[in-house]
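For reference, the structure discussed in these notes is given below.
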Amino acid sequence: MTNPPKGYSAAAEVNKMRERRSQWQIVKLELSKAPYSAWFGILVILAYFFVALFAPLLAPHGEAEIFTSSFAPWGGEHIFGTDQIGRDIFSRLIYGARNTIGIALATTLVSFAIGGSLGLVAAISGGWTDQILSRLVDVLMAIPGLIFALMLLTIFGSSVLSLILIIAVLDSTRVFRLTRSVAISVVVMDYVEAAKLRGEKLAWIMRREILPNIMPPLIAEFGLRFSFVFLTIAALSFLGLGIQPPTADWGSMVRDNASMIQFAKYDLTAALTPMIPAGAIALLTVAVNFVVDWFLDKTSGLKDEH
Amino acid sequence: MSTERGKKGDILLEMKDIRVEGFSDERWHKIIKGIDLTLHRGQVMGLIGESGAGKSTLGLASMGFTKPGCKITSGSIIFDGQDLIKANDDEKRMLWGTKIAYVAQSAAASFNPAHRLLDQTVEASLNRNLQTKNAAETDARNLYEQLQLPDPNNIGDRYPHQVSGGQLQRMMTAMAMSPRPDLIIFDEPTTALDVTTQVEVLVAMRSIVEKFNTAALYITHDLAVVAQMADVIKVLRYGHEIEEAKTREMLVSPKENYTKSLWSVRSLEKPESPSDDFVISINNVDAAYIGGPKVLHNVNIDIPRGRTVAVVGESGSGKSTTARVITGLLQPITGSVYFNGEALPPALKDRSKGQLRRIQMIYQSADTAMNPRQTVSEIIGRPLEFYHNLTGSQKQERILELLEMIELDESFYDRFPGELSGGQKQRVCIARALAADPEVIICDEVTSALDQIVQEGILQLLLRLQKEFNITYLFITHDIAVVRAISDEIVVMYEGAVVEQGLKSKIMAPPYPDYTKLLLKSVPEMDPDWLTNLVDKRD
């Protein structure tokens, strides 16, 4: 055996040492480079969540509090007037943020829990497990989503719980397909094989070896899915099968006040009333999409090691 | 087409004080730190050095090109009287592909899979209107013939996936040659090929470069290869030039210590010691992948305890499949694997924790063998926790001990794999295997992705660990220098069957079976006349 050449040591080999930054520093650095659209999106989302969290403090009146005058005009005690049975529209808008966002968030989380874990199982196990799960998802996806949801809601009734579960299950098909396709490229890595050889259980491989490596596309998808779920709930409420009164919700608020549009020639503000919850829905969707676009740009585009 | 070709010996390319910087991690880093390079017409210069030395960057810079995210910050590049630094993109584009051609490492990634090979070969000539389509195609067929491609008249009608890797690499040389460039840049053109294929490609490339009096830059980290190809060798390290000399001078008497150390790897040799206490016996194993043909035919291998058995053979010979059968990733159709005299369950899921612990594996590519989202301590710590139930400070102590064993210090404890060099990554993989406290470690081409000097470090480490802990290695490799350095016994495999097994001294000495002979003869030696002699003998 010869001696190692002088001056050689394994520890001194050249390598790319990344600067140590705390999570917070990284976030700050990224934010400082974010485009205006992303900033706009982040601010809008934060504002919505602030309103949703502190709804009881911010709203001047109760969610289901009924006043004597129905269809009251804008201004005065009721900033945006009252609705057909005399509830304060501004207060209901604020409570609506809490309900609509809360339910959409819960639904998205459940759909990711279902779709994500099954997608990972399918990717790791392969073979029959993968076939059965994937075909099942194909069947679910073959039926038009909104119509399927309407049908199931009629069968199980429109409680908040069944609303969340039904939409979550239907939406988890998309999550399943995404998770499975990104996880499959990680599953073939040697480190996953090494974990299998070590004798690790399925759950450990899913959680520790694969999940951290597929987070970026999943987080981006989470934002997008949230928007879609949010719109689905609004649409279902508009159709009368979503969130049930007296709980305030933007979708049903649009429907309840839709008839006021025909008063446009007498009172423009009255005609705008149904537009306000619709605008709130649109604004949040646009904001979430701005943020997701930026995030996808960051993670997919220049993620190479170089 | 007839352009004036300068005389042999005129200066073709002159680069002075080239500096290149690359942008990463929010900063500009120096990649090339002031290198001069002069290349004469018809001369072949070998650029060697470990990865990160700046070989490829310098090669590309000679075309006036840098990879995205890099820039040439100073220096001058005069190619055939034209200043490439001052030239605009259109002027450079007129040179590229016609006067300067580039042959990349991965031919498979460089061809468009949707077009026929012939169309791609003549593309550059046609785009620049150098030749008519007919003339260019006839010429391409001639080139195919000179490059010894089979059926030169029709092979151009195939698509890239219809020819082998070695043929594709020769195709790419034909493509580069088609417009008769003055300079070809070969960027590790044979690194991805088997030794037996490599010889053919080298012979073809050398003869065609000589024939058309083309100058070439030959970039590689394989000294023996560069010795066959180059007239002059330039050694690079960390973006600096270490030395430049004529090939023969450089081989006989390298001046600098660094160059000497590059040469020393080849002299590493482990004295063999026989033993017949077998830890693993593979008995009459046949195996196939699901739905595929049989890839192992009646394989019998005995692995003695505390020794190294090297499995050699070209890709597709069943080396890695054998490893998969031992680890249980692939169940054999017939036959079984005995471990300490006991038959191992064929399927991974039926094996006990203890059985799994005793056989560990180290992979070729340390990059994909470690989870990029786990730190070194998590990677090494997991087997400790999993097999030995170590936690807290006990685990931490053991991790530090293991780091010391692989000659890394505690500053590596919290690093991510992305922050390690290639050699360090492989060391961490070794530590992960050691953490299980195994009896057998299967090493699958563990050094082939590494530079010579780093390779030597890893081999020394493995030898030391074997001495200290009496570990048995099954060492899969195609590099005969590595085999010499580490093995006691050798198994030669060909097309899924064992050609022979025996002590190193027996296998490496005549009489050889045909395949062993071919394999041993195909390994380039550090002798500039080796290839010439080999070709002469054939004729």
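Those protein sequences? They're chains H and F, same order as listed.
Residues in the first sequence are numbered from 272 upward in steps of one, following the numbering used here.
Residues in the second sequence are numbered from -1 upward in steps of one, following the numbering used here.
Every residue, glycine too, gets a C-beta built ideally from N, C-alpha and C.
Bear in mind the structure is a predicted one, so any value in this text is a computation, not a measurement.
- Query: Does the stretch 516 to 525 of chain H come within contact of the stretch 544 to 558 of chain H, defined as at least 3 CB pairs closer than 8 Å?
  - Reply: With the cut-off at 8 Å, the stretch 516 to 525 of chain H and the stretch 544 to 558 of chain H touch.
Exercise. May I have the straight-line CA-CA distance separating tryptophan 475 of chain H from methionine 412 of chain H, to the nearest angstrom?
Key: As a first step, residue 475 of chain H must be located in the first sequence, where it is residue number 204. As a first step, residue 412 of chain H must be located in the first sequence, where it is residue number 141. Between tryptophan 475 of chain H and methionine 412 of chain H, the C-alpha separation is close to 30 Å.
### Message
With H, G and I counted as helix, E and B as strand and the rest as coil, what does DSSP make of aspartate 575 of chain H?
### Response
The residue you call residue 575 of chain H lines up with position 304 of the first sequence. Confidence at aspartate 575 of chain H is low in this model, with a pLDDT of 39, below 50, so the placement of that residue should be treated as unreliable; the coordinate-derived value is given next. It is coil, neither helix nor strand.
Report task. Can you tell me which of the three DSSP states threonine 373 of chain F falls into? Result -> One-based indexing of the second sequence puts residue 373 of chain F at position 375. In the structure shown, threonine 373 of chain F sits in coil (DSSP, three-state: anything other than H, G, I, E or B).
Do you know how far the Cα of lysine 467 of chain H is from the Cα of leucine 346 of chain F? In the second sequence, counting from the first residue as 1, residue 346 of chain F sits at position 348. In the first sequence, counting from the first residue as 1, residue 467 of chain H sits at position 196. The alpha-carbon atoms of leucine 346 of chain F and lysine 467 of chain H are separated by roughly 8 Å.
| query | alanine 309 of chain H to valine 42 of chain F, Cα distance in whole Å? | reply | Residue mapping note: residue 309 of chain H aligns to position 38 of the first sequence, counting from 1. Residue mapping note: residue 42 of chain F aligns to position 44 of the second sequence, counting from 1. The alpha-carbon atoms of alanine 309 of chain H and valine 42 of chain F are separated by roughly 53 Å.
Legend entry - Neighbour flag for lysine 351 of chain F against chain B, beta carbons, 7 Å: Looking at the structure shown, chain B is missing, and the protein chains on hand are H and F.
Review point. Rounded C-beta distance between aspartate 8 of chain F and arginine 39 of chain F? I'm assuming under 8 Å.
Key: What you label residue 8 of chain F is simply residue 10 of the second sequence in a count that begins at 1. What you label residue 39 of chain F is simply residue 41 of the second sequence in a count that begins at 1. About 5 Å; that satisfies the 8 Å criterion.
- So phenylalanine 276 of chain F is in the alpha helix (DSSP H); what residue range does that whole segment cover? Along the second sequence, one-based indexing puts residue 276 of chain F at 278. Not the alpha helix (DSSP H): phenylalanine 276 of chain F falls in the beta strand (DSSP E), residues 276 to 286.
In chain H, what lies closer than 9 Å to tyrosine 361 of chain F by C-beta?
-> Position 363 of the second sequence, counting from 1, holds the residue named residue 361 of chain F. Residues of chain H passing the Cβ test: Asp461, Tyr462, Glu464 and Ala465.
Original post:
Can you tell which of H:Leu555, H:Ile414 and H:Ser452 has its C-alpha closest to the C-alpha of serine 388 of chain H?
Top reply: Locating residue 388 of chain H in the first sequence gives position 117, counting from the first residue. Residue H:Ser452 is the option with its Cα nearest to serine 388 of chain H.
Give me whichever residues DSSP pairs with valine 297 of chain F in a beta bridge. If you number the second sequence from 1, residue 297 of chain F lands on position 299. Looking at the DSSP assignment, valine 297 of chain F forms a beta bridge with F:Val283.
Buried or exposed (CB count within 10 angstroms, at least 16 for buried), tyrosine 537 of chain H: For this step, residue 537 of chain H is matched to residue 266 along the first sequence. Looking at its Cβ environment, which holds fewer than 16 other Cβ atoms inside 10 Å, tyrosine 537 of chain H is exposed.
- Task: For serine 520 of chain F, collect the residues of the same chain with a Cβ closer than 6 Å to its Cβ; drop the 5 residues on either side in sequence, then sort them by chain order.
- Result: Numbered from its first residue, the second sequence carries residue 520 of chain F at position 522. These residues qualify, in order along the chain: Val193, Thr194 and Val197.
Where lysine 253 of chain F falls: helix, strand or coil (DSSP)
Here residue 253 of chain F refers to the residue found at position 255 of the second sequence. Looking at lysine 253 of chain F - three-state DSSP - the assignment turns out to be coil, as it is neither helix nor strand.
- Task: Put lysine 515 of chain F into one of helix, strand or coil per three-state DSSP.
- Result: Indexing the second sequence from 1 puts residue 515 of chain F at position 517. Helix at lysine 515 of chain F.
- Query: Hey, is proline 276 of chain H's beta-carbon within less than 7 Å of any beta-carbon in chain F?
  - Reply: Translated into positions along the first sequence, residue 276 of chain H becomes position 5. Note that proline 276 of chain H has pLDDT 42, beneath the 50 cutoff, so the model's placement of it is unreliable and the number below is only indicative. By this cut-off, proline 276 of chain H is an interface position.
### Query
Mind checking if phenylalanine 561 of chain H is an interface residue toward chain F, Cβ cutoff 7 Å exclusive?
If you number the first sequence from 1, residue 561 of chain H lands on position 290. No, because no Cβ of chain F sits closer than 7 Å to the Cβ of phenylalanine 561 of chain H.
(message) Less than 7 Å between CB atoms is the rule here; does glycine 397 of chain H satisfy it with respect to chain F?
(response) As a first step, residue 397 of chain H is located in the first sequence; it is residue number 126 there, counting from the start. With 7 Å as the cut-off, glycine 397 of chain H does not count as an interface residue toward chain F.
*asked:* One question on the structure: do alanine 202 of chain F and arginine 168 of chain F come within less than 7 Å of each other, judged by their Cβ atoms?
replied: For this step, residue 202 of chain F is matched to residue 204 along the second sequence. For this step, residue 168 of chain F is matched to residue 170 along the second sequence. Contact: yes.
* Should the stretch 403 to 417 of chain F be called in touch with the stretch 435 to 449 of chain F, which here means at least 3 C-beta pairs below 8 Å? -> no
Which chain F residues sit within Cβ distance under 7 Å of glutamate 480 of chain H? Residue numbering aside, residue 480 of chain H sits at position 209 when the first sequence is read from its first letter. By Cβ distance, chain F contributes Asn369.
message = Using a 10 Å radius around the Cβ and a threshold of 16 neighbouring Cβ atoms, would you call asparagine 369 of chain F buried or exposed?
response = Within the second sequence, numbered from 1, the residue matching residue 369 of chain F stands at position 371. Under a 10 Å Cβ-count criterion, asparagine 369 of chain F is classified as buried, with 16 or more other Cβ atoms of the shown protein chains found around its own Cβ.
Check: Which first and last residues belong to the beta strand (DSSP E) in which valine 310 of chain F is found?
Finding: Position 312 of the second sequence holds residue 310 of chain F. Where valine 310 of chain F is concerned, the enclosing beta strand (DSSP E) stretches over 306 to 310.
- Query: Which residues of chain F have a Cβ atom closer than 8 Å to the Cβ of proline 488 of chain H, listed in chain order?
  - Reply: What you label residue 488 of chain H is simply residue 217 of the first sequence in a count that begins at 1. Chain F residues near proline 488 of chain H: none, gap ~14 Å exceeds 8 Å.
Could you tell me whether the Cβ of threonine 354 of chain F comes closer than 7 Å to any Cβ of chain H? Sequence index remark: in the second sequence, residue 354 of chain F carries index 356 (1-based). According to the sequence provided, residue 354 of chain F is leucine. The question's threonine does not apply to it. Chain H contact via Cβ: present.
Margin query: At the level of alpha carbons, what is the spacing between aspartate 220 of chain F and isoleucine 206 of chain F?
Written below: Taking the second sequence and counting its residues from 1, one reaches residue 220 of chain F at position 222. Taking the second sequence and counting its residues from 1, one reaches residue 206 of chain F at position 208. For aspartate 220 of chain F and isoleucine 206 of chain F, the distance between alpha carbons rounds to 21 Å.
Residues that DSSP places opposite cysteine 441 of chain F in a beta bridge: For the purposes of this step, residue 441 of chain F is identified with residue 443 of the second sequence, where counting begins at 1. Cysteine 441 of chain F is bridged by DSSP to F:Ile360 and F:Phe473.
Under 8 Å from the C-beta of threonine 325 of chain F: neighbouring residues of chain H: Taking the second sequence and counting its residues from 1, the one referred to as residue 325 of chain F is at position 327. Within 8 Å Cβ-Cβ: Leu468.
Next on the checklist: Closest to alanine 551 of chain H by C-alpha separation, out of H:Leu364, H:Glu334 and H:Gly346, would be which residue?
Outcome noted: On the first sequence, position 280 is the one that residue 551 of chain H refers to. With distances taken between Cα atoms, alanine 551 of chain H lies closest to H:Leu364.
* To do: Return no unless some Cβ of chain H is closer than 7 Å to the Cβ of threonine 366 of chain F.
  => For the purposes of this step, residue 366 of chain F is taken as residue 368 along the second sequence, with counting starting at 1. Chain H, which has a Cβ nearer than 7 Å to the Cβ of threonine 366 of chain F, makes this yes.
Exercise. Could you check if tryptophan 521 of chain H is buried or exposed, using at least 16 other CB atoms within 10 Å of its CB as the buried criterion?
Key: Position 250 of the first sequence, counted from the start, is the residue given in the question as residue 521 of chain H. Label assigned to tryptophan 521 of chain H: buried.
Note to self: Against phenylalanine 384 of chain F, what residues of chain H qualify as contacts under a CB-to-CB distance less than 7 Å, listed in chain order?
What the structure shows: By one-based count along the second sequence, residue 384 of chain F stands at place 386. Residues of chain H passing the Cβ test: Arg469.
Tell me which residues of the stretch 322 to 346 of chain H have at least one Cβ-Cβ distance to chain F shorter than 8 Å, keeping chain order.
Per Cβ criterion, the list is empty.
Where DSSP assigns a beta bridge to cysteine 68 of chain F, which residues make up the other side?
By 1-based counting over the second sequence, the position of residue 68 of chain F is 70. Looking at the DSSP assignment, cysteine 68 of chain F forms a beta bridge with F:Gly20.
For isoleucine 306 of chain H, would you say it is in contact with chain F, using Cβ-to-Cβ distances shorter than 7 Å as the test?
Sequence index remark: in the first sequence, residue 306 of chain H carries index 35 (1-based). Per the sequence shown, the amino acid found at residue 306 of chain H is proline instead of isoleucine. So, not an interface residue.
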